[in-house]
Each structure stands twice: as structure tokens, then as C-alpha cells.
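Q: First residue of the sequence shown? That's 1 in full-length UniProt numbering, and the numbers climb one at a time after it.
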Amino acid sequence: MSSLWKNPRVLLMLAVVLFFALVLLFKGPVFGVDFGGGTLFQIHLAEKVSDSATKEQIRSIIQQRLDFAGMKDSTVQFVGAEFVFAQLAETDPQQVERLESVLLKQGKFEAILDGNLIFSGNDFIDISKDPARGYGVKGSAGVYTWTMPFTLTEKAARRFTEMAFHRCQTSGFDSATGKVQYECDNTYFFLDRPSDSVLLIPKDIFTQDSELLSAGSRKYNIPAGLKIEEILLNSSVQYLVVDENGFAPEQVSELQSLAGSKRFAIVHPEFPAELRKELEGFGFTVDERTAPQALPWVWFSSGLKESIRLSESVANLDPFVPSLDSPNLQVYSSLVITGSAPSSSEAQDELKSLSILLESGSLPVAVDNVSKVTVTASLGKSFLYTVVLIGLIAAFAVAFVLFLRYRIALLVLPMMFTVFAEAAITLGIASLLSWPLDLAAIAGVVAAVGYGVNDQIIITDELKKHKGEVLESTSLVNRAKRSFFIILAAASTVIAVMLPLLLIGPGAGMARLVGFAFTTVVGVLGGVLITRPAFQEMAKVIVPKAQ
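Right, dumping it as C-alpha cells:
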């Protein structure tokens with residue numbers, strides 16, 4: 001028995017187990033939402049991302065959004081080519097819902113004038129949160145206005161000034177002040193214009209929205225006199241107005257041609273079911289959008305956040321500047337975005353959400369959907385306690401069954417030590433890689449440990465064979481080799497089965513099972529490379545003496 005303490009395989013296992021025990025002691029396991037509590041967001045991107053630089057950019061932007069929202073303890077990781085997991089400790093339903101709306105947006109901000117881009121969110125160099133510059137929420141009596149000042153880059157400010165130059169028409173003359181009066185063009189601020197979509201507008205909704213836009217809305221900060229055609233022109237979104245008779249022949253032809261370049265068909269909640277089926281038949285994914293009450297559906301569905309009329313001063317008409325080459329030309333870099341909401345809390349949420357999106361930047365690809373799982377901290381601790389208790393009961397049950405089978409207490413002890421060693425190695429590797437342990441991951445640890453016990457039984461049974469059962473020339477070493485060949489073949493099969501789940505599981509909609517595949521593969525590899533050879537050496541010493 002003393003020779004075992006000098007055996008390199010046994011010493012290697014002891015050293016590895018000690019190392020990972022220290023890792024678990026000082027670093028500790030990273031618990032997922034199932035055990036640590038909190039919320040797990042599964043963000044499904046609209047496109048697959050294979051480039052590592054783009055993946056890191058997406059991960060960094062999502063991390064920044066959560067950081068700006070005050071979620072400093074959040075973790076974000078890419079899984080596969082189209083899934084991003086964001087885990088945070090927040091469980092408050094309202095806060096989780098607000099975060100979900102922030103994560104769901106691509107965050108592509110664009111300011112449009114006469115159908116042309118004048119600046120985007122990438123042109124912002126500063127978003128001021130100084131109340132002295134107007135940042136914040138003001139209002140009462142059901143109308144609350146929020147204001148967000150920002151500063152453009154020098155290049156973007158120059159482009160804005162050039163495009164806004166003299167974009168006003170004379171509308172009259174004020175004899176009291178002696179000044180010419182102007183009617184200036186509107187600028188349109190969009191967030192996530194649905195450029196990959198076609199907008200299907202029921203005719204009655206088109207008429208209703210036209211009236212709402214013409215009247216304006218103080219509640220939603222919509223200026224009076226807007227034309228629905230101007231909004232659709234500046235949104236650059238393909239649209240069709242559909243009457244109660246369904247698609248006209250020319251609309252069918254247009255939709256069939258658009259299906260190759262547009263992915264989504266955005267429809268009103270009242271859009272007929274039979275027409276939705278036609279759209280799906282053309283190849284569109286139907287996206288139903290519901291606008292808040294009294295807000296024009298086209299305004300909401302086109303991604304329009306605000307429409308601001310240029311002022312005479314911004315257009316360099318007051319004071320009058322004759323040309324862009326004039327030394328008196330005023331270049332405006334400090335501007336504001338405003339919006340309204342029916343309550344102070346809603347206005348605060350809108351302001352904070354837009355600030356987060358603009359500060360973090362836009363994602364290089366759109367977000368298809370976001371799903372979430374929320375577990376309270378107390379429930380997570382209860383899950384963890386239950387899992388640990390069941391694990392200990394299972395370990396003692398395995399030890400009892402092994403003792404009944406072999407009646408050799410000295411053999412059962414190294415078997416059980418190997419079981420705990422494999423669990424420690426698997427959990428230690430997961431801790432080093434900061435892999436979050438959820439229910440699926442723990443199930444993988446159990447599966448790997450169970451597989452390890454099966455291998456130990458194979459090794460033990462092979463070594464216990466009497467000479468009459470095998471060729472007399474078969475040595476103890478050859479028996480051990482034969483058992484290890486069986487173990488390697490079985491391990492290869494397990495890994496081959498798990499690798500597809502590990503590599504393509506997220507893309508196949510099985511992202512929650514990746515943890516199971518990861519811990520199973522790690523546990524099997526740790527067993528085959530470290531614990532199984534060590535147990536074999538111990539069994540070669542213990543089994544012959546016990547017979």
C-alpha cells in the first residue's frame with residue numbers, strides 16, 4: 001500500500017484535486033440564475049456572427065448598457081454564433097421589464113432631414129446630464145417632457161449646419177418687430193428604423209393616423225401639422241396601404257419582389273389573419289406592433305421618436321448669413337432631444353433608456369428577440385440546498401451499493417474519493433472559466449460522475465476475474481489495459497454525442513443545455529485523463545490483496 005504514495009498517477013490526481021479544491025475555496029463557483037437568484041436574459045440576434053471582433057463588440061455594448069443601467073454585477077457572454085447571455089442580480093419586475101426593452105433595441109439613432117441622414121448616434125461625443133443644460137424631466141397635469149442635451153462631433157456639426165442652411169420658407173412679415181417670419185422644415189429623429197421591413201398599413205389606420213398627426217399631441221410631444229407621407233418618406237421604409245378588399249394585384253407583385261430583400265412585414269393588430277398568411281406565404285416574418293393609446297401607429301412602427309422643426313437661427317436666417325462660405329456662419333454642435341410621456345416615471349424611463357442606448361452605441365446587428373428567466377435569491381438558495389442534499393444522499397447510496405457488490409471496504413473508499421475528486425475537478429474548471437453553474441450544468445456533473453462510477457466498476461471487475469475465466473497468461477497489467485480500452489471507447493462515444501450540443505446547441509434553440517454538455521465533457525475528460533488512471537493503480541494494489 002505504501003507504494004501508492006509514490007505512484008506518479010496517484011500523486012498527479014492528488015495534486016490536481018488539491019489545486020481545484022483551492023480554486024473552489026478562494027475563487028468559488030460562479031452560480032447561475034438557478035442557484036444565485038437574479039435574471040438571465042437570452043438575447044437572440046437576427047443574424048449569425050462568426051467574426052470574433054464583432055462578437056466582442058456586441059458583448060461589450062450589451063455590457064455597457066447594463067452598466068449604465070446600474071447593473072454593475074452583471075456578466076455577459078456569447079454562446080454560439082447568434083445568442084448572447086446576460087446574467088444579473090436584478091429581480092424587480094419593473095426594472096427587469098425596462099432592461100428587456102433596452103436590450104431588445106439595436107440602438108441605431110438617426111436624424112433625418114428630407115430623407116437624408118444628417119447625423120447618427122455615432123456622431124455624439126457627449127450626452128450631458130447636467131440639469132443646468134436642461135437635462136431632466138419637467139411638467140405636470142398628465143404631460144411630462146424630458147430633455148437630453150448632446151454634443152456632436154465637429155464633422156457632424158458642420159454637416160448638420162450645411163444641410164439645415166436656409167431650409168425655411170418665408171411665411172410673412174412681423175411689422176411689430178420688423179422681422180421676416182419663416183416656416184422651416186422638420187427634422188425626424190428615429191431609433192431603429194425598420195430598414196429590413198415592409199410596413200402594411202390598413203386604409204382606415206392610415207386615415208386615422210393622418211388626422212392624429214395633423215392635430216398633433218401635447219401628451220407625446222407631436223407637433224401639429226405633420227403629414228404622414230413625410231414621416232414615411234423620411235423613414236425610408238417601404239409601405240403599402242391596404243384596404244378592406246385585401247391586396248391589389250399590383251401590391252401582390254410588389255410584395256413578391258420585396259420578399260427577397262425584406263425580412264419582416266410589420267402589421268397592425270387589426271390586420272386580417274388571411275392576409276397575414278399570404279405574407280408568410282411570400283416569405284415574410286409577420287411582426288405585429290401595438291402602439292400606445294392615442295399615439296399614431298405609423299409614428300410608433302416606423303421607429304420615430306421625435307420631430308423637431310428647424311429654427312431660423314439654426315438655419316442661419318436669424319441673424320441672416322448669406323452663404324456657407326460666410327465668416328459669420330454659425331455651426332451648431334450643441335443640440336437637444338426632447339420627448340413627452342403621460343407620467344413622470346414613464347418620462348424618466350424614456351430618458352434613461354435613450355441615454356443608455358446612445359451612450360453604449362448601436363449594435364452591429366439587430367436583435368431578433370429577448371427571453372428571460374427570473375429566480376429570487378431565496379428560491380435560488382433553496383434550489384442549491386436541495387441539490388447539495390440530493391447529491392450527498394446519492395453519494396452515500398452509491399457507496400452502499402458498491403459495498404454490497406464487492407464487500408471490500410478498502411476498495412469502496414478510493415472509489416468514493418475518486419467520485420468526489422471528479423466532481424471537484426469539474427467544478428474547479430468551471431470556476432476558473434467563470435462558467436455559470438445552473439441546473440443543467442449540475443446535471444452534467446452528476447452524469448459525468450455516474451459515468452465515472454461505471455468505469456470504476458469495469459476496472460474492478462476486470463481485475464477480479466479468476467484465472468479460470470481468462471487465459472492463464474493474462475497478467476494483471478493486461479487486464480487493466482483491456483478495461484481501459486473499454487473505458488476510452490465509451491468516453492469517446494460520450495464526448496462525440498455531447499460535442500454537437502456544445503458547439504451548435506445555441507443555434508439550434510437549445511442554449512440552456514449547453515451547460516449540461518460542457519460539464520459532462522469536462523467531467524469525462526478529467527476522469528479519463530486524471531482520476532481513472534489513478535484509480536486503476538489503486539485497484540491493482542487493493543483487489544489482489546482482498547481476494
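Ideal Cβ positions, reconstructed from N, Cα and C, are used throughout, including at glycine.
Keep in mind it's a predicted model, so treat the numbers as computed, not measured.
Are the stretch 353–361 and the stretch 49–66 touching, with three or more C-beta to C-beta distances below 8 Å?
A: yes
Q: Return helix, strand or coil for G115, following the three-state DSSP convention.
A: coil
Q: Is it the case that the Cβ atoms of L351 and V102 are separated by a distance below 8 Å?
A: no
Q: V470 by DSSP, collapsed to three states: which one?
A: Residue placement at V470 cannot be trusted, given a pLDDT of 44 that sits under 50; the coordinates are not used to answer.
Q: Along the chain, where does the beta strand (DSSP E) containing G136 start, and where does it finish?
A: G136 to S140
Q: Report the rounded CA-to-CA distance for V336 versus A164, giving the unit in angstroms.
A: 16 Å
Q: Would you kindly work out how many angstroms separate the C-alpha atoms of A377 and T153, rounded to a whole number?
A: 45 Å
Q: Tell me which residues share the same chain as S432 and place their Cβ nearer than 7 Å to its Cβ, disregarding the 5 neighbours each side in the sequence.
A: Note that residue 432 is Leu in the sequence shown here, rather than Ser. Excluding residues within five positions, the ones whose Cβ falls inside 7 Å are V23.
Q: Between the stretch 283–301 and the stretch 217–234, are three or more C-beta pairs nearer than 8 Å?
A: yes
Q: Out of curiosity, what's the CA-to-CA distance linking A423 and S362?
A: 42 Å
Q: What residue does the alpha helix (DSSP H) around D349 start on, and which one ends it?
A: S344 to S360
Q: Should K305 go down as buried or exposed, given a rule of 16 or more other Cβ atoms within 10 Å for buried?
A: By the neighbour-count definition (other C-beta atoms within 10 Å, threshold 16), K305 is a buried residue.
Q: For Q181, count neighbouring Cβ atoms within 10 angstroms of its own Cβ and tell me buried if that reaches 16, exposed if not.
A: Here Q181 is exposed: its Cβ has fewer than 16 other Cβ atoms, across all protein chains shown, within 10 Å.
Q: Under 7 Å Cβ to Cβ from A69, same chain only, skipping five residues before and after it: list those, please.
A: L99, V102 and I356
Q: Using 8 Å as the threshold, is the stretch 35–49 in touch with the stretch 339–349, meaning 3 or more CB pairs across them?
A: By the C-beta criterion, the stretch 35–49 is judged not to be in contact with the stretch 339–349, since fewer than 3 inter-stretch pairs fall below 8 Å.
Q: Could you pull the start and end residues of the beta strand (DSSP E) that M163 belongs to?
A: Run containing M163: none in the beta strand (DSSP E); it sits in the alpha helix (DSSP H), E154 to A164.
Q: Label residue 554 either buried or exposed according to how many other C-beta atoms from any shown protein chain fall within 10 Å of its C-beta, with 16 as the threshold for buried.
A: The shown model of the chain, from 1 to 547, leaves out residue 554, and the question about it has no answer.
Q: Considering only residues of the same chain and omitting the five flanking positions on each side of G452, which have a CB-CB separation below 6 Å?
A: E422 and G527
Q: Which residue or residues does DSSP assign as beta-bridge partners of Q63?
A: Q63 is not bridged to any residue.
Q: Apart from the five residues on each side of it in sequence, which residues of its chain come closer than 8 Å, Cβ to Cβ, to L232?
A: L199, Y239, V298 and S302
Q: Can you pull the DSSP bridge partners for M148?
A: I337
Q: Residue range of the alpha helix (DSSP H) that F173 falls in?
A: Careful: F173 lies outside any alpha helix (DSSP H), inside the beta strand (DSSP E) at C168 to D174.
Q: I'd like to confirm something about G515: is its beta-carbon nearer than 7 Å to some heavy atom of the ligand SAH, or not?
A: Absence of the ligand SAH from the depicted structure is noted, as is the absence of any ligand whatsoever, leaving it without description.
Q: Helix, strand or coil: how does DSSP classify A508 here?
A: Only weak support exists for where A508 lies, its pLDDT of 48 falling under 50; the value from the coordinates is given anyway. Helix.
Q: Output the residue ranges of the alpha helix (DSSP H) runs that lie fully inside the stretch 24–49 and measure 4 residues or longer, sorted by chain position.
A: Counting only runs of 4 or more, we get 33–36.
Q: Is it buried or exposed, Y385, if we count other Cβ atoms within 10 angstroms and call 16 or more buried?
A: So Y385 ends up on the exposed side.
Q: Give every residue of the same chain whose Cβ lies closer than 7 Å to the Cβ of L104, excluding the five residues on either side of it in the sequence, and list them in chain order.
A: V367 and V370
Q: Thinking C-beta only, is K227 closer than 8 Å to L213?
A: In contact: L213 and K227 (Cβ atoms closer than 8 Å).
Q: Only counting runs of 4 or more residues, tell me where the alpha helix (DSSP H) segments fall wholly within the stretch 226–294, in order along the chain.
A: The qualifying runs are 228–235, 249–258 and 273–282.
Q: What residues in its chain sit with their C-beta under 6 Å from that of V470, if we drop five residues either side in the sequence?
A: With a pLDDT of 44 at V470, under the threshold of 50, the modelled position of this residue cannot be trusted; read the value that follows with caution. So no residue of the chain qualifies.
Q: So A86 is in the beta strand (DSSP E); what residue range does that whole segment cover?
A: F83 to L88
Q: Report the three-state DSSP secondary structure of K179 (helix, strand or coil).
A: DSSP places K179 in the strand class (E or B) of the three-state scheme.
Q: Which whole-angstrom value is the C-beta distance of R276 and D196, which I expect to be below 8 Å?
A: Actually they do not touch by this definition, with Cβ atoms about 18 Å apart.
Q: Going by DSSP, what residue range makes up the beta strand (DSSP E) through N7?
A: Counting along the chain, no beta strand (DSSP E) covers N7, and no H or E run does either.
Q: Within the same chain, show all residues whose beta-carbon is closer than 8 Å to that of L501, passing over the 5 residues directly before and after it, in chain order.
A: M510, L513, V514, F516 and A517
Q: For E90 and V96, I'd like the C-alpha separation in whole angstroms.
A: 7 Å
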